[in-house]
Structure formats: structure tokens, C-alpha cells
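In our numbering, the protein residues as written are -16 to 211.
Ideal Cβ positions, reconstructed from N, Cα and C, are used throughout, including at glycine.
The structure presented is a predicted model; accordingly, all values stated were derived computationally and were not measured.
So, in C-alpha cells, the structure goes:
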């Protein structure tokens, strides 16, 4: 099992860099956040979004939904991960503010975490894997020797997310609103009872605030060049 684990807060660039790294070395990029988002979207479609994220959270907690009953498929083709519900690709649908505001309830669910972690470990038995998330190096793949923790300032991460949304034609949130959301999510992620965001003791820390994606990729490649 060859796994490279990239952890870090939302907007730190870990998913983008993980995809670039996987392509460079011929590994599969496993995006755990996208799987959680897919479960969130499927749960919204099954239960309704509620009038607010908190109302959705109450609906979800009372429902005792089995994540394996939601028609979710994670498809791997040509080294790429596609996230589907009932055989339909939902890659764009899972990036909406509605999903983002409700994902924390899914991420706090032990059955959902177990489902996602099982899928990731199954992938790792089949192929070399670059896995990104918030607990890849601490919970899912604690024994891998290749662990990295990417971070950046809240302001930089908010600007990245804002520009990404504009590029998708989505202007539903202002930069200030995104910055507030990211700061709130950081606090929630670091204080979760299950799967909290933290750097593994043996992970290499990379601050991406002033680095391009290519710079981050080069630093990671320099560390792993003799391992793969």
C-alpha cells in the first residue's frame, strides 16, 4: 500500500495539489471531501435541505440514514475520481453553498465517516493513492510515511474560494461572507469530537499562502522523490 496523505483546512490548496501530484506520479487522487459532499447532497435530496443548516442537521440526526442506502457511487477512471448519485455525476452540484453549509453534520456522523474511510482504504489496496482531507494522516492512513499538512491564512483561502466560485459563474456569496464561513469552519473542524483537523506529529508542514500550486507540488516531490 503506497499512500501520500495531504491534510489541511478548507481552501489551503490540498485538493488541487493532490490532483496535480497524483497525475505527476501516476497515483489515484482520492478526494475525501468530495465524498462527504456527495453524501451530504444525497441526504439533502432524501430529507430536504430544511430552512437552515441547523434544521437540516436535526432532520439528519433523527433520520438515522444509512449512507450505504443513498445510491452513492465513487467511480475511478483513468486515475480520476467521479462522484455519482444513482449513476449521475454530481461533481458540480456538490460545490454549492447549500451543500457547504450542511456538510458538517455528515462529517460528524460516525457511520458516514466509516463509509468514507472504508472506500479510501479499499482504493489504497488497489493502487497508489494521494488522499487529501483533514484526518488522512492521523486517522485513515496513520502508518504512511508520506504525510503533509498544508495551511494558509484565512484571507488567502477565502480569496481562492471566491475566485473559484466566480470562475464557475457563482456569485452567491461575497468575499467577506466566504471569509466568515471559512473562519467558522476552521473552528468547527479543529474542535470536532470525531476526525478533528490536526497535523500529524510526523507530517511535513507547508504554508501555501505565498506559494503557487507548482511551488507546493515541487516541495512535496522533493520530499518523496526516493520513496516512489
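- If only uninterrupted alpha helix (DSSP H) runs of at least 4 residues are considered, those enclosed by the segment 154 to 209 are 158 to 173, 196 to 207.
- The DSSP-derived three-state label of residue 139 is helix.
- Residue 177 holds the alpha-carbon nearest to the alpha-carbon of residue 89 among 177, 185, 5.
- Residue 59 carries a strand assignment under DSSP once its states are collapsed to helix, strand and coil.
- Inter-segment contact for the segment 45 to 53 and the segment 109 to 128 is absent: fewer than three beta-carbon pairs are separated by less than 8 Å.
- With contacts defined by Cβ atoms closer than 8 Å, residue 116 and residue 130 do not form a contacting pair.
- By the neighbour-count criterion, in which a residue is buried when 16 or more other Cβ atoms sit within 10 angstroms of its Cβ, residue 144 is buried.
- From the listed residues 154, 132, 183, the smallest Cα separation to residue 202 is found for 132.
- The count of Cβ pairs closer than 8 Å, one atom from the segment -6 to 4 and one from the segment 19 to 32, stays below three, leaving the stretches out of contact.
- As summarised for the segment -15 to 67, the continuous beta strand (DSSP E) elements at least 3 residues long and confined to that stretch are -14 to -10, 11 to 14, 55 to 60, given in chain order.
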